[in-house]
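Each protein sequence line maps, in turn, to chains A and B.
Going by this note's numbering, the letters in the first sequence line up with residues 71 to 183, in that order.
Going by this note's numbering, the letters in the second sequence line up with residues 58 to 167, in that order.
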Amino acid sequence: GAGVSQTPSNKVTEKGKYVELRCDPISGHTALYWYRQSLGQGPEFLIYFQGTGAADDSGLPNDRFFAVRPEGSVSTLKIQRTERGDSAVYLCASSRTGPDTQYFGPGTRLTVL
Amino acid sequence: QKEVEQNSGPLSVPEGAIASLNCTYSDRGSQSFFWYRQYSGKSPELIMSIYSNGDKEDGRFTAQLNKASQYVSLLIRDSQPSDSATYLCAVNAGRRALTFGSGTRLQVQP
Chain A
71 GAGVSQTPSN
81 KVTEKGKYVE
91 LRCDPISGHT
101 ALYWYRQSLG
111 QGPEFLIYFQ
121 GTGAADDSGL
131 PNDRFFAVRP
141 EGSVSTLKIQ
151 RTERGDSAVY
161 LCASSRTGPD
171 TQYFGPGTRL
181 TVL
Chain B
58 QKEVEQNSGP
68 LSVPEGAIAS
78 LNCTYSDRGS
88 QSFFWYRQYS
98 GKSPELIMSI
108 YSNGDKEDGR
118 FTAQLNKASQ
128 YVSLLIRDSQ
138 PSDSATYLCA
148 VNAGRRALTF
158 GSGTRLQVQP
């Protein structure tokens, strides 16, 4: 079946703007994760959803970051008042149930000018 | 001390040789261990998972786990140029989310 999909693949925005990044998990996967990866580093955990609820948001760096998953499938990561330091690749992963094996989407490369 | 540590490399091996990639972790409660391969500009791709002490083999790949030493390794036999990539070690300490190392860059020389 189809893997995890993410849109857009690339997003360029100006400092201070608002952005939304979308993730569509593998069908039937109840667990969804957001990670952020900077150059030369491994992915860094942001938030984990089990179903519709955020089961663990301890990785969100500050209150400018927020994520939702209203129907337990597609998730949107929202970043307010973007800063240049937010520039990174944002990865989404899903698993059948937590903490099962996670499969990653292609990522969204965010560039804040 | 980082939670998951890997040598950044690059690790350079000739084609056909065995590549050995190592990873140590700090949380003794860690339960699940994963190796992901990441090509430049691409997202991580799962290669192996291992949950209990010992070896687990899958084709040319063998994962080794030693919980007493808090050590995970990945062996790649008969290395090919197409194996050139960054290999990420990831650990699940029962927190659901994975904690990743920074990755080891492997270069297989033709």
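Just so you know, even glycine gets a beta-carbon here, dropped at the ideal spot from N, CA and C.
Here the structure is a predicted model, which is why all the values come from computation and not from measurement.
Check                                                                                                                                                                                               : Outcome
Mind checking who A:Leu102 pairs with in its DSSP beta bridge?                                                                                                                                      : A:Phe119 and A:Ser164
Which residue comes first and which comes last in the beta strand (DSSP E) that contains A:Ser145?                                                                                                  : Ser145 to Ile149
Cβ atoms of A:Thr146 and A:Ser79: under 8 Å apart, would you say?                                                                                                                                   : no
For B:Pro138, would you say it is in contact with chain A, using Cβ-to-Cβ distances shorter than 8 Å as the test?                                                                                   : no
Exposed or buried, what is B:Tyr93 when buried is set at 16 or more other beta-carbons lying within 10 Å of its beta-carbon?                                                                        : buried
Starting from the beta carbon of A:Gln172, find every residue of chain B whose beta carbon is closer than 7 Å, and list them in chain order.                                                        : Leu155
Tell me B:Gln121's beta-bridge partners as DSSP assigns them.                                                                                                                                       : B:Asp112 and B:Ser130
Cβ atoms of B:Ser87 and B:Val148: under 8 Å apart, would you say?                                                                                                                                   : yes
With a threshold of 16 other CB atoms inside 10 Å of the CB of A:Val182, please say whether the residue is buried or exposed.                                                                       : buried
What are the boundary residues of the beta strand (DSSP E) that includes B:Leu163?                                                                                                                  : Thr161 to Gln166
Identify the continuous beta strand (DSSP E) that holds B:Tyr93 and give its terminal residues.                                                                                                     : Ser89 to Gln95
In the DSSP assignment, find the beta strand (DSSP E) that holds B:Asn79 and state where it starts and stops.                                                                                       : Ala76 to Tyr82
Should A:Tyr103 and B:Ala154 be called a contact, given that it needs their Cβ atoms to be closer than 8 Å?                                                                                         : yes
Of the residues that make up the region 108-131 of chain B, which ones have a beta carbon closer than 9 Å to any beta carbon in chain A?                                                            : none
Identify every residue that forms a DSSP beta bridge with A:Leu91.                                                                                                                                  : A:Leu147
Tell me whether the region 69-84 of chain B and the region 116-130 of chain A touch, counting them as touching only if at least three CB pairs, one residue from each stretch, are closer than 8 Å. : no
For the beta strand (DSSP E) containing B:Glu102, list its first residue and its last residue.                                                                                                      : Glu102 to Ile107
When the Cα atoms are used, what is the spatial distance from B:Asp115 to A:Arg154?                                                                                                                 : 42 Å
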